[in-house]
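Residue numbers (this note's numbering): 15 to 205. Every residue gets a Cβ at the ideal spot worked out from N, C-alpha and C, and that includes glycine. Remember, predicted model here, so these are calculated numbers, not experimental data.
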């Protein structure tokens, strides 16, 4: 039976970062679980859309990586244009801000992700997580009351941590649902 201890990750000070470290530990646990869910999936499973404009597993995974980097690494400090932000994403993750293919109107599977398999998606997630880990190790619990101005209103660093965790968990649930749809469609073996 697996342990349910949720240990503080290395590099965090429990005295000044207990909340930040707990969120980091939760994110790491969710990543571990997602990696297990992605293991062994064929490329076609990452690209399959249940209907035109619907998200695929690959689109969701790329989106999860982009959102982590945006909210934790870039949003608290960036005042750049979209082009500059897009370049930062490309430098950090190797994909651009819109390369997840997730739009308000839905879209076809994005060309930037075509042909990628489980190893590439896991590497993308780990790259994003390493990038935000560097930042989170510099945040203290006192920093969580800091507020940044955003076009839709002010956002606290505490909310950012919460949002990144709930966003990841929500899309992880979608990934699991799509795996069920793939099984139902006969594209994955029954579990």
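So, is residue i buried or exposed, given that buried needs 16 or more other C-beta atoms within 10 angstroms?
i           : result
residue 72  : buried
residue 37  : buried
residue 28  : exposed
residue 163 : exposed
residue 135 : buried
residue 160 : exposed
residue 19  : exposed
State the start and end residues of the unbroken alpha helix (DSSP H) segment that holds residue i.
i           : result
residue 53  : Per DSSP, residue 53 belongs to no alpha helix (DSSP H) and is neither H nor E.
residue 18  : Taken as a continuous stretch (DSSP letters only), residue 18 belongs to no alpha helix (DSSP H), as it is neither H nor E.
residue 145 : 132–150
residue 99  : 96–107
How big is the Cα-Cα spacing for residue i and residue j?
i           : j           : result
residue 32  : residue 54  : 35 Å
residue 153 : residue 34  : 7 Å
residue 150 : residue 203 : 39 Å
residue 120 : residue 30  : 42 Å
residue 128 : residue 70  : 11 Å
residue 117 : residue 100 : 15 Å
residue 43  : residue 111 : 25 Å
residue 21  : residue 170 : 25 Å
residue 194 : residue 188 : 10 Å
residue 48  : residue 200 : 22 Å
residue 45  : residue 106 : 18 Å
residue 80  : residue 142 : 7 Å
residue 139 : residue 78  : 8 Å
On the DSSP bridge assignment, give the partners of residue i in chain order.
i           : result
residue 162 : 169
Whose C-alpha, out of the options, is nearest the C-alpha of residue i?
i           : options               : result
residue 40  : 187, 182 and 163      : 182
residue 196 : 154, 59, 138 and 75   : 59
residue 146 : 64, 20 and 90         : 90
residue 26  : 84, 148, 52 and 173   : 148
residue 137 : 160, 157, 108 and 165 : 108
residue 190 : 173, 66, 16 and 205   : 205
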